[in-house]
Amino acid sequence: MIELLQYPFVVRALVMVLLLSVVAGFVGTCIVIRRQVFVAGGITHAAFGGIGIAYFLGVSVTAGAMLFASLTALAIDILSRRKSLRTDSAVAIFWSLGMAVGIIFMFLTPGYTPNLMGFMFGDLLTVTRSDLYIISIIAAVAVIAAIIFYRPIMYTAFAPDFAKLSGWPVAFISSAIAVVSALAIVVAIKAVGIILVLSIFTIPPTIAGMFAAKLKRMFILSTIIAVVGSLAGFVVSFAYNLPSGAMITVALVAMFLIMKVFKYISIRQKRNV
Amino acid sequence: MTEQSNPQQLISLHNVSAGYEGRVVVSNVSLDINSDTFVAFIGPNGGGKTTILRTLLGQIAPMSGEMSRLPNLKIGYLPQINDYDLQFPITVRDVVLSGQLDGNRLFPKKATLDRVDELLHFAMLDNLQDRPIGALSGGQRQRAFLCRAIMGNPQLLILDEPVTYMDKVSETNLYKLLPELSKHMAIVLVSHDIGTVAGVVKTIACVNRTLYYHPTNRITDSMLKIYECPVELVTHGAVPHRVLINHHS
Ligand SMILES: Nc1ncnc2c1ncn2[C@@H]1O[C@H](COP(=O)(O)OP(=O)(O)OP(=O)(O)O)[C@@H](O)[C@H]1O
Ligand SMILES: [Mg+2]
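Protein chains in written order, with the numbering used here: chain R, 120 to 392; chain L, 113 to 361.
Written out as structure tokens, the structure is:
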């Protein structure tokens, strides 16, 4: 196994897995505590619209997806904060619109046969150097912002009305988190695919939430869980030549089940003492 | 109770009406909140007490009339309904700290943390401070939110039915604390427990579709009849000498 590290594409994949886990731990925790898992799903699928348009125009797919996903994230954020539309309804509209736009533009693209499976399930072994630069920047921004703005992130997610009254820029923080989430999701699509992006952003924070009473711990614990789960998934997928995104998802769900049982047993033991 | 030397006007409402989605709930509300104001809002369910508070807070805009507010007014608020996510990873201590209004709010200084300790002690939450907020009882949680409202040393403290869920001890502690606080800040309090509250506040306002301001803390017969204030609570009041006096007008 170790000798595989002499192949640059394997190293790139491993670095991607590690950085993506950091992003998933921090951004995913924000998504989960803000109860925006469904919103994240909408952004993911809306990104597909950007991919289709970028193909059609022959421009950078990553840039197209990032722009489309960010605009969608902002639109959902603003609409749901205005309370003029239910959040889940707004999400459903953008979710399906993004998919529709993506399919139409791919259809219109002359000589089209982009690898649809690639977008749906991702492939860690196709990670490029520039993907790594992008994910590094997002990871750095997420971690630094979480440290400096720890309290406003916590306060505005827990009690937005009260935070607003106390003078915190609630709308700005909410929009900033939406955009960073969108960018993170687009990078993750390349690695694990549209269908499985949600698993890496939501399963680790969900497991961490079972054990952490403090947001700080939840950030750190979900990062560790994401690293362990995605590394395990990646190694197994590589060894048995299985799709990496799917294997990572299975590994994370397995961790979730083990932790659930572990928690159950530890509660029972406490009761018996 | 020492009077504040130069009471300053914080908020002024003149003939204000307020409501939701174009429907007026309260109208012709005129009220000045000064730095020495200590008023209780009483009135029936649905009378519009919370609506007026939300107007004062700036959460809803007046539909007509004039309202002026001191810029950057520091407000502490205890909402009537706390529909927060009880699974949220935030400790009781951090909930209280979230009420901080001045100083370094990103990285709170020791003086701020000391004040948190003091408030937690007052609210008898010392032992529960590191628990997640969802692991508290309804009354304990209410006490934590009360601490959060007071934490920032606001210029105006707005408490919407603060004693809901509270036991007698906590309630008594609160009613002892409020007159102390009112030396430093304006207080607006909503309560259905008129008998007790009348003995604590300086003035009373009856809210039922509009606001009737009484520059006294005595509860009159007419107040209760005309404004449909809940009379039965008064007869059960804990402060006997405050119970009904006759008022002919
Ligand atoms: N968000 C809202 N949207 C529409 N109508 C509302 C809203 N909140 C309150 N109302 C209506 O406004 C009226 C006044 O409500 P408000 O909450 O101000 O009463 P209250 O005096 O605080 O009553 P309570 O003693 O029950 O707290 C009620 O008739 C209510 O139905
Ligand atoms: Mg009310």
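Ideal placement from N, C-alpha and C gives every residue a C-beta, glycine not left out.
Review point. From A345 of chain R to D280 of chain R, what does the alpha carbon distance come to, in whole angstroms?
Key: Cα-Cα distance, rounded: 32 Å.
Practice item. Compute the Euclidean distance between the alpha carbons of T114 of chain L and P291 of chain L, then round it to the nearest angstrom. Key: Because the pLDDT of T114 of chain L is 46, which lies under 50, any placement of that residue in the model is unreliable, and the number read from its coordinates should be weighed accordingly. Whole-angstrom Cα-Cα distance: 10 Å.
**Study point:** Spatial neighbours of S282 of chain L in its chain, beta-carbon cut-off 7 Å, leaving aside the 5 residues before and after
**Key:** Excluding five sequence positions before and after S282 of chain L, the CB atoms of its chain that fall closer than 7 Å to its own CB belong to G251 and R255, given in chain order.
Practice item. Select from R:F240, R:F330, R:F268 and R:V299 the residue whose C-alpha is nearest the C-alpha of I367 of chain R. Key: Of the listed residues, the one whose Cα sits closest to I367 of chain R is R:F240.
Point to revise | Spatial distance of Q212 of chain L from G264 of chain L (CA atoms) | key: Taking the CA atoms as reference points, Q212 of chain L sits about 4 Å from G264 of chain L.
Exercise for review: From the DSSP output, read off the bridge partner residues of C318 of chain L.
Suggested key: By DSSP's assignment, C318 of chain L forms a beta bridge with L:I154 and L:Y324.
**Study point:** Neighbourhood of ligand 1 [Cβ distance below 5 Å to any heavy atom], ordered by chain position
**Key:** Taking each Cβ in turn, the ones that pass are L:Y132, L:V137, L:N157, L:G158, L:G159, L:G160, L:K161, L:T162 and L:T163.
Review point. What residues in its chain sit with their C-beta under 6 Å from that of Q388 of chain R, if we drop five residues either side in the sequence?
Key: Spatial neighbours of Q388 of chain R in its own chain (CB-CB distance under 6 Å, excluding positions within 5 residues in sequence) are not present.
Check your understanding: Considering M263 of chain L, what are the terminal residues of the alpha helix (DSSP H) in which it resides?
Key -> Here the alpha helix (DSSP H) through M263 of chain L covers G250 to M263.
Review point. Ligand 2 heavy atoms versus the CB of Q192 of chain L: any closer than 7 Å?
Key: In this structure, Q192 of chain L has its beta carbon less than 7 Å from a heavy atom of ligand 2.
Exercise for review: Run the proximity test for V302 of chain L: is its beta-carbon closer than 7 Å to any non-hydrogen atom belonging to ligand 2?
Suggested key: The answer is yes for V302 of chain L.
Point to revise | Own chain residues within Cβ distance below 8 Å of V210 of chain R, not counting five before or after | key: The beta carbon of V210 of chain R lies closer than 8 Å to those of F157, V158, G160, G161 and I195 in the same chain, with the five residues before and after it left out.
Check your understanding: From D214 of chain L to A276 of chain R, what distance separates their C-alpha atoms?
Key -> Annotation: D214 of chain L to A276 of chain R spans about 20 Å, alpha carbon to alpha carbon.
Check your understanding: Going by other Cβ atoms of all chains shown within 10 Å of its Cβ, with 16 needed for buried, is I357 of chain L buried or exposed?
Key -> Residue placement at I357 of chain L is poorly supported in this model, since its pLDDT is 36, which falls under 50; the coordinates still yield a value, given next. Classification for I357 of chain L: exposed.
Review point. Considering only the beta carbon of each residue, do L168 of chain L and N146 of chain L sit closer than 8 Å?
Key: Judged by their CB atoms, L168 of chain L and N146 of chain L are not nearer to each other than the 8 Å cut-off.
Practice item. Give, in chain order, every residue of the segment 260-280 of chain R whose Cβ lies closer than 8 Å to some Cβ of chain L. Key: When C-beta distances to chain L are compared with 8 Å, the residues of the segment 260-280 of chain R below that value are I267, F268, Y269, R270, P271, M273, Y274, A276, F277, A278 and D280, in chain order.
Point to revise | DSSP-derived helix/strand/coil call for I384 of chain R | key: Helix, per DSSP.
Exercise for review: Just grab the DSSP bridge partners of Y174 of chain R for me.
Suggested key: Beta-bridge partners of Y174 of chain R (DSSP): none assigned.
Check your understanding: Given a limit of 9 Å on CB to CB distance, which residues of the segment 198-226 of chain L reach chain R?
Key -> The residues in question are Q199, F200, P201, I202, T203, D206, V207, L209, S210, G211, Q212, L213, R217, L218, F219 and P220.
Practice item. Could you name the residues of chain L that R154 of chain R contacts, counting a contact when the two beta carbons are closer than 8 Å? Key: In chain order: D197.
Practice item. May I ask you to verify whether the segment 225-234 of chain L touches the segment 259-275 of chain L, counting CB pairs closer than 8 Å and requiring at least 3? Key: Here the segment 225-234 of chain L makes contact with the segment 259-275 of chain L; the two share three or more CB pairs at distances below 8 Å.
Check your understanding: When DSSP builds the beta bridges, which residues end up paired with T163 of chain R?
Key -> T163 of chain R pairs with nothing; no bridge assigned.
Check your understanding: Where does the unbroken beta strand (DSSP E) through I150 of chain R begin, and where does it stop?
Key -> Careful: I150 of chain R lies outside any beta strand (DSSP E), inside the alpha helix (DSSP H) at P127 to I152.
Practice item. Please classify H418 of chain R: is it buried, with 16 or more other beta-carbons within 10 angstroms of its beta-carbon, or exposed? Key: In the structure as shown, chain R begins at 120 and stops at 392. Residue 418 of chain R is therefore absent and cannot be evaluated.
Exercise for review: Return the Cβ separation of R266 of chain L and I187 of chain L in integer angstroms, given the expectation that the two are a contact with Cβ distance under 8 Å.
Suggested key: Arg is not the amino acid found at residue 266 of chain L; the sequence shown has Pro there. About 5 Å separates the two Cβ atoms, so the contact holds.
Exercise for review: Establish whether the CB of L72 of chain R and some CB of chain L are separated by less than 8 Å.
Suggested key: Chain R is shown from 120 up to 392; residue 72 of chain R falls before or after that span and cannot be answered.
Check your understanding: In three-state DSSP terms, what is H233 of chain L?
Key -> Collapsing the DSSP output to three states places H233 of chain L in a helix.
**Study point:** beta-carbon L272 of chain L near ligand 2 non-hydrogen atom, thresh 7 Å
**Key:** Here residue 272 of chain L turns out to be Asp, not Leu, going by the sequence shown. Within the cutoff, so yes.
Exercise for review: Would you list, in chain order, the members of the segment 231-253 of chain L that have their beta-carbon closer than 9 Å to a beta-carbon of chain R?
Suggested key: Taken in chain order, the members of the segment 231-253 of chain L whose beta-carbon sits within less than 9 Å of a beta-carbon on chain R are D242, R243, P244, I245 and A247.
Check your understanding: Quick one: which chain R residues come within Cβ less than 7 Å of I187 of chain L?
Key -> Identification of chain R residues near I187 of chain L by a Cβ-Cβ cut-off of 7 Å yields L284, ordered along the chain.
**Study point:** Distance between T328 of chain L and D305 of chain L (C-alpha atoms, nearest Å)
**Key:** If I take the Cα positions, the gap works out to 17 Å.
Practice item. Name the two residues that bound the continuous beta strand (DSSP E) containing A130 of chain L. Key: Q121 to Y132 is the span of the beta strand (DSSP E), which, as asked, contains A130 of chain L.
Exercise for review: With 8 Å as the threshold, decide whether the Cβ of L334 of chain R is near any Cβ in chain L.
Suggested key: L334 of chain R counts as touching chain L.
Practice item. Kindly list, in the order they appear in chain L, the residues whose Cβ is closer than 8 Å to that of A331 of chain R. Key: In chain order: P201.
Point to revise | the segment 335-366 of chain R: positions lying closer than 9 Å to chain L by Cβ | key: The residues in question are K335, R336 and M337.
Practice item. Would you mind sorting F224 of chain R into buried or exposed? The rule is 16 or more other CB atoms within 10 Å of its CB. Key: Burial call: buried.
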